[in-house]
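Right, one structure below, let's go through it.
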Amino acid sequence: MQAFRFRDRSLAAKIIGKIKEYDVKATFMHVCGTHQDTLLRYGLDSMLEQVNVKIKAGPGCPVCVTPPEEYEEAITLAEKGVIITGYGDVIKSPGYDRSLLDVRAKGCDVRIVYSVSDAVNMALKTDKEVVFMAVGFETTAPSTASTILNDPPENFSILTCHRYIPPALQELLRLGELKLDGLIQPGHVSTIIGLTPYEKLLEEFNIPQVVAGFEPLDILMAVLMLVKQIHEGTPRVDNEYVRSVKPEGNLKALNMINQVFYPSKVHWRGFPEIEGSGMKIKPEYQEYDARLKFEDLLKDLNRGEFMEPKGCLCGEVLRGVVDPEECPLFSVRCTPQSPVGPCMVSIEGTCQIEYRYRKTVKQVKR
Amino acid sequence: MCLAVPGKVLKVEGSRGKVDFGDGVLRDVDLTLVEAVEGDYVLVHAGFAIQVLKEEDALKTLEIWRQILELEKESDVAGL
Numbered sequence: 018m019q020a021f022r023f024r025d026r027s028l029a030a031k032i033i034g035k036i037k038e039y040d041v042k043a044t045f046m047h048v049c050g051t052h053q054d055t056l057l058r059y060g061l062d063s064m065l066e067q068v069n070v071k072i073k074a075g076p077g078c079p080v081c082v083t084p085p086e087e088y089e090e091a092i093t094l095a096e097k098g099v100i101i102t103g104y105g106d107v108i109k110s111p112g113y114d115r116s117l118l119d120v121r122a123k124g125c126d127v128r129i130v131y132s133v134s135d136a137v138n139m140a141l142k143t144d145k146e147v148v149f150m151a152v153g154f155e156t157t158a159p160s161t162a163s164t165i166l167n168d169p170p171e172n173f174s175i176l177t178c179h180r181y182i183p184p185a186l187q188e189l190l191r192l193g194e195l196k197l198d199g200l201i202q203p204g205h206v207s208t209i210i211g212l213t214p215y216e217k218l219l220e221e222f223n224i225p226q227v228v229a230g231f232e233p234l235d236i237l238m239a240v241l242m243l244v245k246q247i248h249e250g251t252p253r254v255d256n257e258y259v260r261s262v263k264p265e266g267n268l269k270a271l272n273m274i275n276q277v278f279y280p281s282k283v284h285w286r287g288f289p290e291i292e293g294s295g296m297k298i299k300p301e302y303q304e305y306d307a308r309l310k311f312e313d314l315l316k317d318l319n320r321g322e323f324m325e326p327k328g329c330l331c332g333e334v335l336r337g338v339v340d341p342e343e344c345p346l347f348s349v350r351c352t353p354q355s356p357v358g359p360c361m362v363s364i365e366g367t368c369q370i371e372y373r374y375r376k377t378v379k380q381v382k383r
Numbered sequence: 054m055c056l057a058v059p060g061k062v063l064k065v066e067g068s069r070g071k072v073d074f075g076d077g078v079l080r081d082v083d084l085t086l087v088e089a090v091e092g093d094y095v096l097v098h099a100g101f102a103i104q105v106l107k108e109e110d111a112l113k114t115l116e117i118w119r120q121i122l123e124l125e126k127e128s129d130v131a132g133l
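So, in structure tokens, the structure goes:
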């Protein structure tokens, strides 16, 4: 395996040449922060613009699409003495006007973990209640499901913020704010869910789709495959990432998701509520559902009245209708050191990636 | 968030394994979601292996690329 060079420059040039030959002007969207990172890190976006292909980032950052009220639930629990655990970016993302990190500075017990298993281990060592704020798409949800099925301690529970990505793609295409000629589907979500959900999108919207890996050549190949579909006039679901994605997905992981969660209607930042896009814990595992377990502590939480911080366009950025640089706060009031919205907080957020690689400093207009 | 890193399974103990991520980085990884044996390469996300990577699948990638790029000689992509 070491012989592979997924970053070979001459092959990249060959792929770009081929894309140029097809002479197709197109706008594609991906829904994965890691794809955005690869695109900007290796300058693929400008290479592709030269051959008339634009790539937009969609709602591909789970930390960013998690709405403020869900962070607020975790913050409220932390303030009431519950130990809150979560991934680093989750801890840093804002609720209504503060993050878990902010309340940790005030003495709340908030802990960053690498894996849900770490949170279980913490619960085993304390009598206090430990809640894991479970953020992530289908890639991450199986680890949470497996943990619940593995009989965790009584003082452990889950604040589920897991989401299914295909309903969001469907919503995005239905909204039709952007004219999209194809979708680059996320390789690691697809490793779990396989290709079937995309076939359904194909049926409804007749849109070309390619599942892509994360190396520079993976993405260039995916673009070439999309352009080829457009040229041939036959939209279909192609798989560029065959070394990880099987057509049926990871059945073991999928079964665990289905065993523990059921689809529900939830809010995504920047979107209306999306039918069937949230993962709720099934009644048979409700003892691990933090929302039920701490119903009393959460009952006074103010829901549904939240407005994004003034001037913040994270919602529009997540729908791909606004590029980070078009946001008036970008690199002026909103930077990775002092982020206003979650797209600047998360390392997978479109704004943070833009800031990191382009280092654009906008001139403040006098 | 959906970042996943490949590593080699050095040892399996029940549902957990010791995985080598290169440069001396060893981690305990949960193998519940896959059928992995010692010596396999796995893709790891947030402490859980989500897929076993097989050499034949990697070779398939090359085959697909060759077809799409319509390269005449196999040697054009050999050594990728």
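Taken in order, these protein sequences are the chains called A and B.
First residue of the first sequence? That's 18 in our numbering, and the numbers climb one at a time after it.
First residue of the second sequence? That's 54 in our numbering, and the numbers climb one at a time after it.
Here a beta-carbon is modelled for each residue, glycine too, at the ideal position from N, C-alpha and C.
To the nearest angstrom, how far is it from the Cα of residue i to the Cα of residue j?
{"i": "S160/A", "j": "L189/A", "result": "27 Å"}
{"i": "L133/B", "j": "Y88/A", "result": "Residue confidence is low: L133/B scores 45 on pLDDT, short of 50, so the model does not pin down where it sits. No coordinate-derived value is stated."}
{"i": "V97/B", "j": "V147/A", "result": "25 Å"}
{"i": "C78/A", "j": "F278/A", "result": "21 Å"}
{"i": "D114/A", "j": "N319/A", "result": "13 Å"}
{"i": "V259/A", "j": "L346/A", "result": "40 Å"}
{"i": "E343/A", "j": "F45/A", "result": "19 Å"}
{"i": "S63/A", "j": "C125/A", "result": "45 Å"}
{"i": "K245/A", "j": "M238/A", "result": "10 Å"}
{"i": "Y305/A", "j": "I165/A", "result": "7 Å"}
{"i": "E171/A", "j": "T114/B", "result": "46 Å"}
{"i": "N272/A", "j": "P264/A", "result": "15 Å"}
{"i": "D144/A", "j": "L112/B", "result": "51 Å"}
{"i": "V62/B", "j": "D93/B", "result": "6 Å"}
{"i": "D119/A", "j": "R308/A", "result": "22 Å"}
{"i": "S348/A", "j": "S363/A", "result": "15 Å"}
{"i": "L234/A", "j": "L28/A", "result": "8 Å"}
{"i": "A43/A", "j": "Q369/A", "result": "25 Å"}
{"i": "L330/A", "j": "T367/A", "result": "12 Å"}
{"i": "L56/B", "j": "A229/A", "result": "13 Å"}
{"i": "V99/A", "j": "E325/A", "result": "27 Å"}
Per DSSP, what are the beta-bridge partners of residue i in this structure?
{"i": "S390/A", "result": "Since the first residue shown for chain A is 18 and the last is 383, residue 390/A is missing from the structure and cannot be characterised."}
{"i": "L200/A", "result": "M46/A, Q226/A"}
{"i": "P280/A", "result": "M296/A"}
{"i": "E66/B", "result": "R69/B"}
{"i": "T177/A", "result": "A151/A"}
{"i": "P59/B", "result": "L96/B"}
{"i": "K71/A", "result": "T44/A"}
{"i": "A102/B", "result": "V97/B"}
{"i": "F347/A", "result": "C351/A"}
{"i": "V127/A", "result": "I101/A"}
{"i": "N256/A", "result": "V228/A"}
{"i": "R80/B", "result": "V72/B"}
{"i": "D54/A", "result": "DSSP, once it has assigned bridges, lists no residue as partnering D54/A."}
With 8 Å set as the bound, which would you pick, yes or no: does the beta-carbon of residue i sit closer than that to a beta-carbon of chain A?
{"i": "A57/B", "result": "yes"}
{"i": "A111/B", "result": "yes"}
{"i": "Q104/B", "result": "yes"}
{"i": "I117/B", "result": "yes"}
For chain B, find out if any of its Cβ atoms is closer than 8 Å to the Cβ of residue i; answer yes or no.
{"i": "N267/A", "result": "yes"}
{"i": "F154/A", "result": "yes"}
{"i": "R26/A", "result": "no"}
{"i": "K382/A", "result": "Low confidence applies here, because K382/A scores a pLDDT of 43, under 50, leaving its location unreliable; read the following figure in that light. By this cut-off, K382/A is not an interface position."}
{"i": "I92/A", "result": "no"}
{"i": "L330/A", "result": "no"}
{"i": "M242/A", "result": "yes"}
{"i": "V259/A", "result": "yes"}
{"i": "T208/A", "result": "yes"}
{"i": "H205/A", "result": "yes"}
{"i": "K142/A", "result": "no"}
{"i": "G358/A", "result": "no"}
{"i": "K35/A", "result": "yes"}
Could you work out which residues of chain B lie near residue i, taking near to mean beta carbons separated by less than 8 Å?
{"i": "K245/A", "result": "I121"}
{"i": "T157/A", "result": "M54, C55, H98, A99"}
Report the neighbours of residue i on chain B: residues whose CB is nearer than 7 Å to its CB, in chain order.
{"i": "L237/A", "result": "Ordered by position in chain B, no residue passes the 7 Å Cβ test against L237/A, which lies about 10 Å from the chain."}
{"i": "K31/A", "result": "L122"}
{"i": "K310/A", "result": "The contacting residues do not exist; K310/A stays about 23 Å from chain B at best."}
Below 9 Å on C-beta distance, what does residue i contact in chain A?
{"i": "V87/B", "result": "N267, K269, A270"}
Strictly below 8 Å CB to CB, what residues from chain A border residue i?
{"i": "D83/B", "result": "S132, S134, S160, S163"}
Residue i versus chain B: which residues are under 9 Å apart at the beta carbon?
{"i": "T51/A", "result": "M54, C55, L56, A57"}
Report task. Decide yes or no for the touch test of the segment 203-223 of chain A against the segment 337-357 of chain A: beta carbon pairs closer than 8 Å, at least 3 of them. Result -> These segments do not touch.
Query raised in the report: Can you find at least 3 beta carbon pairs, one from the segment 212-219 of chain A and one from the segment 239-256 of chain A, that sit closer than 8 Å?
Result: Yes, they touch.
**Report entry** Cβ contact check for the segment 357-365 of chain A and the segment 164-175 of chain A: 3 or more pairs under 8 Å
**Finding:** Cβ pair count under 8 Å is below three, so no.
Query raised in the report: Are three or more beta carbon pairs between the segment 78-85 of chain B and the segment 97-112 of chain B nearer than 8 Å?
Result: The answer is yes - the segment 97-112 of chain B touches the segment 78-85 of chain B, with three or more Cβ pairs under 8 Å.
Query raised in the report: Any chance the segment 61-70 of chain B sits against the segment 103-112 of chain A, with 3 or more Cβ pairs inside 8 Å?
Result: The segment 61-70 of chain B is not in contact with the segment 103-112 of chain A.
Query - Touch test, the segment 280-287 of chain A against the segment 59-74 of chain A, Cβ-Cβ under 8 Å, three pairs minimum - result: Short answer: they don't touch.
**Report entry** contact_flag[the segment 128-142 of chain A, the segment 81-98 of chain A] where n(CB pairs < 8 Å) is 3 or more
**Finding:** When Cβ pairs closer than 8 Å are counted between the two stretches, the segment 128-142 of chain A is seen not to touch the segment 81-98 of chain A, the count staying below three.
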